[in-house]
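Right, one structure below, let's go through it.
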Amino acid sequence: MVSSATVSHAGKALTVELGGEIVPQSAMFDLKTRTSKKEYEDVLKGERPRLWLAQVPNFVIGFHKNGVFDDVRVEDVREEVRQWEKDEESNLQKLTGLIKMLIAFVQGQVDGTLEVVYRGGSLELREVGGVVNCCIPDEMKRRWTQGTFDETRNDRCNARWKGGVVIEEEEEEEEDEEGMRESGAWSGDSDSEKDFTACSAASCGYCGHCGY
Numbered sequence: 018m019v020s021s022a023t024v025s026h027a028g029k030a031l032t033v034e035l036g037g038e039i040v041p042q043s044a045m046f047d048l049k050t051r052t053s054k055k056e057y058e059d060v061l062k063g064e065r066p067r068l069w070l071a072q073v074p075n076f077v078i079g080f081h082k083n084g085v086f087d088d089v090r091v092e093d094v095r096e097e098v099r100q101w102e103k104d105e106e107s108n109l110q111k112l113t114g115l116i117k118m119l120i121a122f123v124q125g126q127v128d129g130t131l132e133v134v135y136r137g138g139s140l141e142l143r144e145v146g147g148v149v150n151c152c153i154p155d156e157m158k159r160r161w162t163q164g165t166f167d168e169t170r171n172d173r174c175n176a177r178w179k180g181g182v183v184i185e186e187e188e189e190e191e192e193d194e195e196g197m198r199e200s201g202a203w204s205g206d207s208d209s210e211k212d213f214t215a216c217s218a219a220s221c222g223y224c225g226h227c228g229y
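To get the numbering used here, take the position in the sequence shown, counting from 1, and add 17.
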């Protein structure tokens, strides 16, 4: 059941209530269940792209026989995901270029909307006809544009609205990076080739070549 504090009513301003505690990225995990006939390596292989995208360092999987779990594993998969990133470097660079191109096209539209269609072959970009509802409410966009989030609860990051894309700007990048290392969260090792997740949309557009 959804509490009354989370329900959006038409005509009323958006209300944001802060509560709980910030959970460090190092504590995040992905949970999966599989039949005992499945192999762990095969399951992890299929999950690596999603784990990379979400930057989830821990993988919890339970294998069951007729619904009874007798093999539950908690694995630190950061190294496996880093290897996947290295193996897919060329494809990730292409994806980065495509996303930047799509953002540029959207920003060039008067209403900031565009339909992306792919049915095999070429990628189609289409103008949207008729009335299209934005996925982000106007009240929320105004908050991102005009206000800042609580500094102590958001690692001193401000959010701004730009062309339909939310960009987080770190006020003290070096301090944030140091804090990430100390917290044990997903960090970019100096010996890794490229880490697209260590880049910043505000500074380089996720080029994958940042020094950190």
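Backbone N, C-alpha and C fix where the C-beta goes; we use that ideal spot for every residue, glycine too. Keep in mind it's a predicted model, so treat the numbers as computed, not measured.
First and last residue of the uninterrupted beta strand (DSSP E) at valine 85: Residues 85-93.
Nearest residue (CA-CA) to phenylalanine 46, options Trp161, Lys111, Phe76, Phe122: Just measuring C-alpha positions, the residue of Trp161, Lys111, Phe76, Phe122 sitting nearest phenylalanine 46 is Phe76.
Given 8 angstroms, three or more beta-carbon pairs between the region 71-85 and the region 42-59: Taking 8 angstroms as the limit for Cβ pairs, the verdict is that the region 42-59 does touch the region 71-85.
Beta-carbon gap between proline 74 and arginine 99 smaller than 8 angstroms: In this structure, arginine 99 does not lie closer than 8 angstroms to proline 74 by Cβ.
Boundaries of the alpha helix (DSSP H) in which threonine 130 is found, first to last residue: Annotation for threonine 130: no alpha helix (DSSP H) segment contains it, and DSSP assigns it neither H nor E.
Endpoints, the alpha helix (DSSP H) within which leucine 61 is located: That run of the alpha helix (DSSP H) goes 57-71.
Lysine 55 versus aspartate 88: straight-line alpha-carbon distance, rounded: Cα-Cα distance, rounded: 12 angstroms.
Nearest neighbour of glutamate 58, chosen from Glu34, Ala30, Glu97, Phe86 [CA to CA]: Closest in alpha carbon position to glutamate 58, among Glu34, Ala30, Glu97, Phe86, is Glu97.
The beta strand (DSSP E) enclosing glutamate 141, as first and last residue numbers: For glutamate 141, the uninterrupted beta strand (DSSP E) run begins and ends at 140-143, by DSSP.
Threonine 113 versus valine 85 - alpha carbon distance: In a straight line, the C-alpha of threonine 113 is about 43 angstroms away from that of valine 85.
Expected contact under 8 angstroms - CB spacing of leucine 119 and valine 133 to nearest Å: Yes, they are in contact, since the Cβ atoms of leucine 119 and valine 133 sit about 7 angstroms apart, within 8 angstroms.
Inter-residue Cα distance where the pair is asparagine 150 and threonine 130: Rounded to the nearest whole angstrom, the CA to CA distance from asparagine 150 to threonine 130 is 10 angstroms.
With 16 other Cβ atoms within 10 Å as the buried cut-off, status of arginine 65: Arginine 65 is classed as buried because its beta carbon has at least 16 other beta carbons within 10 Å across all chains shown.
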